[in-house]
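Number of protein chains: 4
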Amino acid sequence: MSDGRGPAPVRGRPRDAGRDIAILEATLLVLTEVGYDQLTIDAVAARAGVGKPTVYRRHRGKAALVAAAVEHRAPATPPATPPGDLRAALLATVQWLADQIAGQEIGLLGALFTGMRSDPGLAAEMRRILRRDEAAMTQEPFRSAVESGERLVPGAAALFAEIAPAVIVHRLVFAGRPCDRPFVEHLVDDVLLPLLQVR
Amino acid sequence: MSDGRGPAPVRGRPRDAGRDIAILEATLLVLTEVGYDQLTIDAVAARAGVGKPTVYRRHRGKAALVAAAVEHRAPATPPATPPGDLRAALLATVQWLADQIAGQEIGLLGALFTGMRSDPGLAAEMRRILRRDEAAMTQEPFRSAVESGERLVPGAAALFAEIAPAVIVHRLVFAGRPCDRPFVEHLVDDVLLPLLQVR
Amino acid sequence: MSDGRGPAPVRGRPRDAGRDIAILEATLLVLTEVGYDQLTIDAVAARAGVGKPTVYRRHRGKAALVAAAVEHRAPATPPATPPGDLRAALLATVQWLADQIAGQEIGLLGALFTGMRSDPGLAAEMRRILRRDEAAMTQEPFRSAVESGERLVPGAAALFAEIAPAVIVHRLVFAGRPCDRPFVEHLVDDVLLPLLQVR
Amino acid sequence: MSDGRGPAPVRGRPRDAGRDIAILEATLLVLTEVGYDQLTIDAVAARAGVGKPTVYRRHRGKAALVAAAVEHRAPATPPATPPGDLRAALLATVQWLADQIAGQEIGLLGALFTGMRSDPGLAAEMRRILRRDEAAMTQEPFRSAVESGERLVPGAAALFAEIAPAVIVHRLVFAGRPCDRPFVEHLVDDVLLPLLQVR
DNA sequence: AAATAACCGAGACGGTACGTCAAGTCTTGAG
DNA sequence: CTCAAGACTTGACGTACCGTCTCGGTTATTT
Numbered sequence: 001m002s003d004g005r006g007p008a009p010v011r012g013r014p015r016d017a018g019r020d021i022a023i024l025e026a027t028l029l030v031l032t033e034v035g036y037d038q039l040t041i042d043a044v045a046a047r048a049g050v051g052k053p054t055v056y057r058r059h060r061g062k063a064a065l066v067a068a069a070v071e072h073r074a075p076a077t078p079p080a081t082p083p084g085d086l087r088a089a090l091l092a093t094v095q096w097l098a099d100q101i102a103g104q105e106i107g108l109l110g111a112l113f114t115g116m117r118s119d120p121g122l123a124a125e126m127r128r129i130l131r132r133d134e135a136a137m138t139q140e141p142f143r144s145a146v147e148s149g150e151r152l153v154p155g156a157a158a159l160f161a162e163i164a165p166a167v168i169v170h171r172l173v174f175a176g177r178p179c180d181r182p183f184v185e186h187l188v189d190d191v192l193l194p195l196l197q198v199r
Numbered sequence: 001m002s003d004g005r006g007p008a009p010v011r012g013r014p015r016d017a018g019r020d021i022a023i024l025e026a027t028l029l030v031l032t033e034v035g036y037d038q039l040t041i042d043a044v045a046a047r048a049g050v051g052k053p054t055v056y057r058r059h060r061g062k063a064a065l066v067a068a069a070v071e072h073r074a075p076a077t078p079p080a081t082p083p084g085d086l087r088a089a090l091l092a093t094v095q096w097l098a099d100q101i102a103g104q105e106i107g108l109l110g111a112l113f114t115g116m117r118s119d120p121g122l123a124a125e126m127r128r129i130l131r132r133d134e135a136a137m138t139q140e141p142f143r144s145a146v147e148s149g150e151r152l153v154p155g156a157a158a159l160f161a162e163i164a165p166a167v168i169v170h171r172l173v174f175a176g177r178p179c180d181r182p183f184v185e186h187l188v189d190d191v192l193l194p195l196l197q198v199r
Numbered sequence: 001m002s003d004g005r006g007p008a009p010v011r012g013r014p015r016d017a018g019r020d021i022a023i024l025e026a027t028l029l030v031l032t033e034v035g036y037d038q039l040t041i042d043a044v045a046a047r048a049g050v051g052k053p054t055v056y057r058r059h060r061g062k063a064a065l066v067a068a069a070v071e072h073r074a075p076a077t078p079p080a081t082p083p084g085d086l087r088a089a090l091l092a093t094v095q096w097l098a099d100q101i102a103g104q105e106i107g108l109l110g111a112l113f114t115g116m117r118s119d120p121g122l123a124a125e126m127r128r129i130l131r132r133d134e135a136a137m138t139q140e141p142f143r144s145a146v147e148s149g150e151r152l153v154p155g156a157a158a159l160f161a162e163i164a165p166a167v168i169v170h171r172l173v174f175a176g177r178p179c180d181r182p183f184v185e186h187l188v189d190d191v192l193l194p195l196l197q198v199r
Numbered sequence: 001m002s003d004g005r006g007p008a009p010v011r012g013r014p015r016d017a018g019r020d021i022a023i024l025e026a027t028l029l030v031l032t033e034v035g036y037d038q039l040t041i042d043a044v045a046a047r048a049g050v051g052k053p054t055v056y057r058r059h060r061g062k063a064a065l066v067a068a069a070v071e072h073r074a075p076a077t078p079p080a081t082p083p084g085d086l087r088a089a090l091l092a093t094v095q096w097l098a099d100q101i102a103g104q105e106i107g108l109l110g111a112l113f114t115g116m117r118s119d120p121g122l123a124a125e126m127r128r129i130l131r132r133d134e135a136a137m138t139q140e141p142f143r144s145a146v147e148s149g150e151r152l153v154p155g156a157a158a159l160f161a162e163i164a165p166a167v168i169v170h171r172l173v174f175a176g177r178p179c180d181r182p183f184v185e186h187l188v189d190d191v192l193l194p195l196l197q198v199r
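Going down the list, the sequences are from chains W, L, E and B. Position 93 of the first sequence, counting from 1, maps to 93 under full-length UniProt numbering, and the rest follow consecutively. Position 27 of the second sequence, counting from 1, maps to 27 under full-length UniProt numbering, and the rest follow consecutively. Position 85 of the third sequence, counting from 1, maps to 85 under full-length UniProt numbering, and the rest follow consecutively. Position 163 of the fourth sequence, counting from 1, maps to 163 under full-length UniProt numbering, and the rest follow consecutively.
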C-alpha cells in the first residue's frame with residue numbers, strides 16, 4: 001500500500017511490557033481464587049484489563065499461561081535459621097516449605113496434569129519451574145547448615161529435596177490434611193533427622 | 001423374610017448393572033488412552049454403547065465418573081516376596097508399587113485436582129479411594145515381613161505408606177522420570193531401609 | 001358397531017376405562033395451562049396419576065393424544081336464540097362461537113400444525129374433529145332460524161360455517177385481539193347479514 | 001460524516017452481515033423442507049455454514065429465528081390486474097394470495113403457535129410480520145382498482161384484508177384442501193363481490 | 001383354584017435436540 | 001505492528017423429552 005507520503009516514522013507499536021506483568025499477576029490471582037480448571041482466559045484477560053488476543057499473543061494457551069505466571073512469581077527466600085541447632089533449622093525450613101507449597105505450588109500441579117500429556121515440551125517447562133522453585137527452597141538451608149559445621153551425610157541436600165516436598169505434597173493432596181505442627185515434627189524427627197544426620 | 005423391614009422396595013425398572021460396569025470400564029479405557037482432561041462424557045458413553053443420560057444418571061460429572069471408575073478397578077495385589085530377605089522384599093514391592101502408580105493412579109490425580117476445589121465431598125471420596133489403594137498396596141508386604149520375623153521399627157508400615165508413594169509420585173510427576181531399577185535401589189537403600197530397619 | 005363376530009375375546013386384564021378418561025381430562029387441563037408445545041406426556045401422565053406407558057398404550061403420541069382429548073370433550077350446544085330476530089340470533093351465536101373457539105379450539109391448532117406434516121392420517125383425524133365441532137356450533141342456529149321463517153339465501157348455513165369461524169380465528173390468532181362486542185357487531189352487520197339475508 | 005455526533009462507536013469485530021443473511025435463508029430453506037417442528041437449530045446452523053452460538057447470538061430461539069427469517073423474506077408483490085374488470089382482478093388477486101399463503105405463511109403459523117404463549121413479545125412481533133405481509137398482499141390491488149374507477153364500498157380494502165386471508169387459511173389448515181380454481185371463484189362470486197361492490 | 005395374559009406405576013433406556021460455555025482464531029478501528 | 005473489543009468455529013457440557021422397554025405387582029378371564 002504505497003500512500004506516497006514517504007517512509008512511516010513509526011514502524012509498529014511496541015508491546016506494552018506493563019501488560020505482560022498485568023496478565024501474569026491476574027493469572028496468579030485468578031488461579032488462587034478459583035483453581036486451575038475453573039480458570040478461564042476470559043477471566044484473566046478481564047482481570048488484567050486486557051483483550052483476549054493480547055493474552056494469546058504472549059502465551060500459547062491456558063497451561064502455558066499458568067506456567068509463565070508461576071515462573072514470574074519470584075521464588076520466596078527461606079527463613080534464616082539459627083546456627084548450631086539442626087533440628088530447629090529443619091523444623092523452621094520444613095514448616096516454611098509446607099506453607100509455600102500449600103499456597104503456591106498446588107496451582108501449577110493442575111496445569112501440569114492437564115498440559116503434560118498433550119504437550120510434552122510444556123510439561124518439561126513446568127517441571128523446570130517446579131525444580132527451580134524446589135531447589136531454591138531446599139538448597140539454601142543446607143548451605144548455611146554446612147557452613148555452620150553441622151555433621152550431615154553426603155548428599156543430604158539432595159535427599160532433603162527429594163523427600164520433604166514429596167511427603168508434604170502427598171499429605172496435602174492425597175490426604176487433604178494441613179501440614180500442621182505435629183506433622184512437621186513427625187517429618188523432621190522420624191524421617192529427616194534419622195536420614196540426614198551422621199550417626 | 002426374617003427381619004422386620006424386608007428388602008428395599010424396588011419401584012420402576014431397575015438399573016442395568018451391566019451398564020454400570022460397561023460405563024466404568026469404558027471410562028478406564030478412555031482415561032488410559034487420552035488422559036483425564038481429554039476424556040469426554042460423550043466418548044465414554046459411545047464406548048460403553050450407552051446414551052449420555054445413562055451416564056449422568058449414575059455419575060454427577062466427569063470427576064465423579066473417573067473416581068467411580070478408579071474405585072471399581074480392583075486394587076492389584078502386591079507380589080509375594082521371599083521371606084527372610086527384607087531388602088529383596090522391599091525392592092520387589094517398591095518396583096511393583098511404582099508400576100502400579102505409573103499405570104493407574106496418575107489418571108485419578110487429574111480428577112482429584114479438577115474436582116477437589118469445586119466439590120469437597122467428591123475430593124474426600126477420591127482421597128478415600130487413593131488411600132484404599134495405597135493401603136492395599138503397602139500393608140500386605142509388611143504383614144508377611146513381620147510374620148517372617150523381620151526386625152522392623154514400630155510403625156514401619158505406616159512410615160512406608162507415607163514415604164514410598166510420595167517419593168514415587170514426586171519423581172513421576174515432578175521430575176517426569178521413570179522409576180527404573182537404579183531409582184528403586186536408591187529409594188530402598190538410602191531411604192527406606194535406614195528408616196525401617198532396627199539398627 | 002356390531003360386526004357379527006360376537007364379543008371381542010378379551011384375554012387378560014381389561015383396560016381401565018376410568019384411566020382413559022383421566023388421561024384425556026388431564027390432557028385438556030395441561031393443554032389449557034401451558035399450551036400445545038409446552039405440553040409433555042410426562043406431565044399429562046403425572047397429572048392423570050398414571051404411568052407413561054399407560055398413555056402410550058392408548059395414543060400414538062402427543063398429537064394423537066391431544067386430538068383424542070379434544071374429541072372427547074363434548075361439543076358445547078349453542079345458545080337458544082329468540083325467533084323472529086335474525087340479527088339478534090346471529091349476534092348471540094357469533095359471540096358464543098368466538099368464546100368457544102378462544103377457549104377450546106386454539107389448543108388443537110397447535111397439534112394440527114405439528115402433526116399434519118409428519119402424519120397425514122392424524123391430520124385428517126384432527127380436521128374431522130374440527131369440522132365436527134364447527135358443524136355442531138354452526139348448524140343448529142340455522143335450523144331453528146329456518147324453522148322460524150327467516151328469509152335466508154340458499155346455502156346460508158354453509159356460508160356461515162365457512163366465514164364466521166375463519167374470521168374469528170384469524171382475529172384471535174393473527175391479530176391477537178379478543179372478539180369483543182364491537183367486533184362481533186361488525187362481523188354480523190358488515191359481513192354476515194349482507195351475505196346471508198335475502199335482499 | 002458531517003454531523004457532529006459521529007458514527008456509532010463500534011467496538012470489537014462487527015457482526016458479519018453475510019452470516020445474518022445466510023442464517024435467515026438457511027432457516028427458510030429448512031422450514032420449507034421439513035416444517036416448523038422438525039426444524040432444528042443445528043440443522044439451520046449447519047446449512048448456513050455457521051456455528052450454533054452464532055445463531056443464538058442473533059436469535060433467542062427457534063420461534064424468534066423463524067420469525068426473523070419470515071420477516072427477512074421480501075413480501076411478494078401482487079400481480080398487476082387489467083383495469084376495468086373487478087371480478088377478473090379479484091380472481092387473480094385471490095388466487096395469487098392463496099398461493100402465497102400456502103407457500104409461505106403456513107411456516108410462520110407454527111412458530112406463532114409455539115412462541116406466542118411463552119413469549120408474548122415474540123408473538124406480537126410475529127403478528128406484526130403477518131400483518132405487514134397481509135397488508136402488502138391485499139392493499140395494492142385495491143389502490144389500482146380505485147384508481148381505475150371501480151365502484152367499491154367504503155372500507156373495501158379493509159374488509160378484503162379481513163376476510164380473504166381468513167377464509168383461505170381456514171380452508172388450507174382446517175379443511176386441508178387446496179385453493180383451486182372452483183374455490184377461488186366461489187370466494188369471489190359468493191363472498192367478496194357481494195360485499196365489496198356497490199350495488 | 002390355578003394358570004394365563006394383559007394391565008398397571010415407576011422409571012431406566014438410547015436417542016436427539018436443546019441452550020450455554022470456553023477455547024483459540026480472526027477482524028475491526030484506533031493508536 | 002500492537003491494542004481492546006468482540007464475533008467467529010468448534011466441540012463439550014449437562015438437561016429435557018421422546019417413545020420404548022422392563023421390572024414387580026395387580027386384576028380379570030379361562031381352564
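Where is the CB? At the ideal position from N, CA and C, for every residue including glycine. Predicted, not measured: the structure shown is a model, and the values here were computed from it.
For residue j and residue i, believed in contact at Cβ under 8 angstroms, the rounded distance
{"i": "L/Val-50", "j": "L/Leu-65", "result": "12 angstroms between Cβ atoms; not a contact."}
{"i": "L/Cys-179", "j": "L/Ile-168", "result": "6 angstroms"}
{"i": "E/Leu-31", "j": "E/Leu-24", "result": "No, E/Leu-31 and E/Leu-24 are not in contact; Cβ-Cβ is about 10 angstroms, not under 8 angstroms."}
{"i": "E/Ile-129", "j": "E/Val-70", "result": "6 angstroms"}
{"i": "W/Pro-78", "j": "W/Glu-140", "result": "5 angstroms"}
{"i": "E/Val-94", "j": "E/Leu-187", "result": "6 angstroms"}
{"i": "W/Ala-136", "j": "W/Pro-75", "result": "4 angstroms"}
{"i": "B/Ala-45", "j": "B/Lys-52", "result": "5 angstroms"}
{"i": "B/Arg-127", "j": "E/Phe-174", "result": "6 angstroms"}
{"i": "W/Thr-27", "j": "L/Asp-37", "result": "No, W/Thr-27 and L/Asp-37 are not in contact; Cβ-Cβ is about 18 angstroms, not under 8 angstroms."}
Residues that residue i contacts on chain W, provided the C-beta gap is smaller than 7 angstroms
{"i": "L/Glu-162", "result": "Val-167"}
Residues bridged to residue i (per DSSP)
{"i": "E/Gln-197", "result": "E/Leu-152"}
Chain-ordered neighbours of residue i on chain E, where CB pairs are closer than 8 angstroms
{"i": "B/Gln-95", "result": "The premise fails here: B/Gln-95 is roughly 18 angstroms from chain E at the closest Cβ pair, so nothing lies under 8 angstroms."}
Helix, strand or coil at residue i [DSSP, three-state]
{"i": "B/Asp-133", "result": "helix"}
{"i": "L/Ala-80", "result": "coil"}
{"i": "E/Ala-123", "result": "helix"}
{"i": "L/Gly-176", "result": "coil"}
{"i": "W/Pro-165", "result": "helix"}
{"i": "L/Val-10", "result": "coil"}
{"i": "L/Pro-75", "result": "coil"}
{"i": "L/Asp-85", "result": "coil"}
{"i": "W/Asp-189", "result": "helix"}
{"i": "L/Gly-103", "result": "helix"}
{"i": "B/Arg-15", "result": "coil"}
{"i": "B/Gln-38", "result": "coil"}
{"i": "E/Gly-110", "result": "helix"}
Within chain B, partners of residue i - CB distance below 9 angstroms
{"i": "E/Pro-178", "result": "Neighbours of E/Pro-178 on chain B: none; closest Cβ ~14 angstroms, over 9 angstroms."}
Contacts that residue i makes with chain L (C-beta to C-beta distance below 8 angstroms)
{"i": "W/Gln-38", "result": "Arg-117, Ser-118"}
Chain-ordered chain B contacts of residue i [CB-CB under 8 angstroms]
{"i": "E/His-170", "result": "Glu-162, Pro-165, Ala-166, Val-169, His-170"}
Interface partners of residue i on chain B, CB under 7 angstroms
{"i": "E/Gly-35", "result": "Arg-117"}
{"i": "residue 281 of chain E", "result": "In this structure chain E extends from 1 to 199, so residue 281 of chain E is not present and cannot be described."}
Residue i: contacting residues in chain E (beta-carbon distance under 7 angstroms)
{"i": "B/Arg-132", "result": "Residues of chain E passing the Cβ test: none, with the nearest at roughly 12 angstroms."}
Interface partners of residue i on chain W, CB under 9 angstroms
{"i": "L/Leu-159", "result": "Asp-190, Val-191"}
Closer than 7 angstroms at the beta carbon, the chain L residues around residue i
{"i": "W/Arg-127", "result": "Phe-174, Ala-175, Gly-176"}
Please go through the UniProt DNA-binding region "H-T-H motif" (40-59) of chain B and give each complete beta strand (DSSP E) segment of 3 or more residues, from N-terminal end onward. The UniProt DNA-binding region "H-T-H motif" (40-59) of chain B is shown to contain no whole beta strand (DSSP E) run of 3 or more residues.
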